[in-house]
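Report on the following structure.
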Amino acid sequence: MNVIDKLIARPNNFPFRRLIWKYWYNHLASKYENINIRLMNYGYVEQTNAQELKLDICDEAERYCIQLYHHVANAILLTESEVLEVGCGRGGGAYYVKSYLNPRSLTGIDFSRSNIDFCRQKYQLPGLNFELGDAEALQFADNTFDTVINVESSHCYQQTERFFTEVYRVLRRDGKFLFTDFRPKEAVAATRKQLQNAGFSILKEENITANVCASMELEHQRKIGIIDRQVPYIFRGLAGYFAAAKGTPMYEGLKTGELEYLCYVLKKQPSSISNNMRQHRSRLPETAEV
Numbered sequence: 003m004n005v006i007d008k009l010i011a012r013p014n015n016f017p018f019r020r021l022i023w024k025y026w027y028n029h030l031a032s033k034y035e036n037i038n039i040r041l042m043n044y045g046y047v048e049q050t051n052a053q054e055l056k057l058d059i060c061d062e063a064e065r066y067c068i069q070l071y072h073h074v075a076n077a078i079l080l081t082e083s084e085v086l087e088v089g090c091g092r093g094g095g096a097y098y099v100k101s102y103l104n105p106r107s108l109t110g111i112d113f114s115r116s117n118i119d120f121c122r123q124k125y126q127l128p129g130l131n132f133e134l135g136d137a138e139a140l141q142f143a144d145n146t147f148d149t150v151i152n153v154e155s156s157h158c159y160q161q162t163e164r165f166f167t168e169v170y171r172v173l174r175r176d177g178k179f180l181f182t183d184f185r186p187k188e189a190v191a192a193t194r195k196q197l198q199n200a201g202f203s204i205l206k207e208e209n210i211t212a213n214v215c216a217s218m219e220l221e222h223q224r225k226i227g228i229i230d231r232q233v234p235y236i237f238r239g240l241a242g243y244f245a246a247a248k249g250t251p252m253y254e255g256l257k258t259g260e261l262e263y264l265c266y267v268l269k270k271q272p273s274s275i276s277n278n279m280r281q282h283r284s285r286l287p288e289t290a291e292v
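Structure below.
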């Protein structure tokens, strides 16, 4: 095991992993704009006998990644909603939600200019827009959106609690926050508390680790094939970490339970309730950053 392996594998070294992920997001966006990847999440496989999600032929190659978006976004009815996706990446999830689930509008934001340029060139769909933006300082006015979506992105943020507060601010009254990401097992309770402190009530909380692990198993060969064909040899190890290939700390962390993959449906509480929670929080010790 080399030095990077050891650093990433250490259970208490989640901040170092965050730096690795953030570097790779930027690197992929700026250096490999021609790679035919629209979604970069770990995917989702239904564990029940649910009917298979119907997709256009052109979307089949990224089925499992799309299924994660479907599981998250289809938790509520989005028709006629004005939706914001924070951390849209290369835009495939935003495109799926807009074209299949029919919200009135969808705005995707990402911190990478290369990603936003890619999205604007790739997707030409009425009501679908992409903007450069910062998850921890959203550029939108208060009460702008009915729904905010965030898929496997927040683990890269410097201050997750600030992001949750910004989501609360831009949501309209009774707005919904559809949120999914992974956390170290010991940080799950802190994440839940951060969401509540920001002013959200939890309508639904799921541990979907098994569903994500099933996808990772099925996606392994496809992802390794893309890496071998399109990523220079010197960066293949890093790409493998990012893709959670078999044997990597990310893959093993989810398989062993060191990491948990969570999925939430959250509702914006009235400001009087959330303000009371914030006042109570101010009298408590600071919540640890995750």
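Position 254 of the sequence shown, counted from 1, bears residue number 256 in the numbering used here, the numbering being contiguous throughout. Glycine included, C-beta positions come from ideal geometry on N, C-alpha and C. Because the structure is a prediction, the values reported are computed rather than measured.
- For Thr167, the enclosing alpha helix (DSSP H) has its first and last residue at Thr162 to Val172.
- For Gly94, same chain residues with a beta-carbon under 6 Å away, outside a window of 5 residues either side, are Arg40 and Leu41 in chain order.
- Cβ neighbours of Lys124 within its own chain (closer than 7 Å, five residues either side excluded): Gly93.
- The distance from the Cβ of Arg106 to that of Gly129 is about 7 Å, consistent with a contact at the 8 Å cut-off.
- Bounds of any beta strand (DSSP E) do not take in Tyr159, whose DSSP letter is neither H nor E.
- The C-alpha of Gly89 is placed about 16 Å away from the C-alpha of Glu163.
- Listed in chain order, the non-local C-beta contacts of Ala200 below 6 Å within the same chain comprise Phe166, Thr167 and Tyr170, local neighbours out to five positions each way being set aside.
- Note that the region 103-122 touches the region 65-82; at least 3 beta-carbon pairs, one per stretch, sit closer than 8 Å.
- Collapsing the DSSP output to three states places Phe113 in coil.
- According to the DSSP assignment, Leu240 belongs to the alpha helix (DSSP H) that extends over Tyr235 to Ala245.
- A straight line joining the alpha-carbon of Glu64 with that of Thr149 spans about 24 Å.
- The Cβ atoms of Leu197 and Phe181 lie closer than 9 Å to each other.
- Ala247 counts as buried, since no fewer than 16 other beta carbons sit within 10 angstroms of its beta carbon.
- In the DSSP assignment, Ser107 is bridged to Glu84.
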